[in-house]
Amino acid sequence: MNADVGMQRAESESLAVGAGSPRHYCLEVQDLAAGYGNQPAIDGITFAVRPGQMVGVIGPNGAGKTTLFKAILGLIPVLRGRILLHDADAHAQRAMMGYLPQLDEIHRTFPVSVSDVVMMGRYPRIGWSRRPGAGDASAVRQALERVDLLDHARTQIGKLSGGQLQRVLLARVLAQDPHLLLLDEPVSGVDTTTQHAIFGVLEELRDNGKTVVVATHDLNCVVERFDQVLCLSKRLVAYGSPADVFREEILEATYGSHLMVVKVGDRRVVVADEHHHRRK
Ligand code: ATP
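If you read the sequence shown in the working numbering, its first letter stands for residue 0, the second for the next number, and so on.
Here it is as structure tokens:
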């Protein structure tokens, strides 16, 4: 079974990078095990991402995508392994990592305005004991402008649609201006126009040298837009370019029974079963 082909490619690529120029990754995850209590939910995860790359993290419900993000951010215990950001301990550099959680982790009834939420992105920079300054207010305005929500700056978040709230959360990450962005299903449940708008912003960030890691169930989008794909099924199944990773044996090893292969004319189309997708 060839499921680790993408991984082997990633490893040989990392050796090639080391020759000549100094090795430079934004994010390196080495033999990571992490979970809840002492029980690992993910194990044996090793991959590295360069600045200016967009990585899609795919896998069925419960594969550990959110767990991986929380471990990188230091929100849950790391049971084994190392996580490095620019060659140093990632958890000591939390302000350089921006996180867009799944929508259902957000308390929408909390009485705060759109601009309050986006300003929260500035706090890792300004410190919780200091007051935001003019530069922070300007960063918030720019971030809201970028997601086309400046008109809603004073709106309470409880009054927003799901797609608008996703854009507010993206604006919060933009206002933080991190090196690494971890986005957990940023386009789940939003209309196609909003999806394009969100991906437009992410691609612009990538082109400006940011590292963008996105958990998603939208495999078409990963094929079309992402540089690297990480296939997760509690363990790392494969890591490589979409062309290397989108092969039947790798997708089967990732999705197991959640995967359907459909014949369309003489083409075989692989479909991950998104109907199992629940809102947590
Ligand atoms: P989805 O696609 O549904 O968002 P996921 O790939 O993000 O799924 P995780 O949410 O990371 O998967 O879950 C990985 C495993 O960890 C699952 O078995 C889940 O039940 C378990 N898990 C998640 N959160 C907790 C928690 N707070 N306490 C205990 N176990 C948890």
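Think of the CB as a built atom: it goes at the ideal place given N, C-alpha and C, for glycine as much as any other residue.
Bear in mind the structure is a predicted one, so any value in this text is a computation, not a measurement.
query: Applying the 10 Å Cβ sphere with the 16-neighbour rule, what's the burial state of residue 278?; result: Reliability fails at residue 278, whose pLDDT of 41 lies under 50, so the model's placement of it is uncertain and no value is given.
query: Which residue from 162, 211, 172 and 219 puts its Cα closest to that of residue 103?; result: 162
query: Going by CA-CA distance only, name the one from 128, 165, 118 and 184 that's closest to residue 135.; result: 118
query: Give me the Cα-Cα distance between residue 166 and residue 42, rounded to the nearest whole angstrom.; result: 32 Å
query: In this structure, what does DSSP give as the bridge partners for residue 291?; result: Not covered by the structure: residue 291. The range shown for the chain is 0 to 279.
query: From what residue to what residue does the beta strand (DSSP E) around residue 210 run?; result: 210 to 214
query: Do three or more CB pairs link the region 216 to 223 to the region 23 to 36 at distances below 8 Å?; result: no
query: Kindly provide the chain-ordered list of residues whose Cβ lies closer than 5 Å to any non-hydrogen atom of ligand 1.; result: 35, 40, 60, 61, 62, 63, 64, 65 and 66
query: Counting C-beta neighbours from all protein chains within 10 Å, is the total for residue 223 16 or more, i.e. buried, or is it exposed?; result: exposed
query: How long is the line joining the alpha carbons of residue 170 and residue 121, rounded to whole angstroms?; result: 11 Å
query: Counting Cβ pairs closer than 8 Å, one from the region 137 to 145 and one from the region 97 to 112, do we hit at least three?; result: no
query: Quick check on residue 10: does DSSP put it in helix, strand or coil?; result: Residue placement at residue 10 cannot be trusted, given a pLDDT of 41 that sits under 50; what the coordinates show is reported in the next sentence. Residue 10 falls in the helix class under three-state DSSP.
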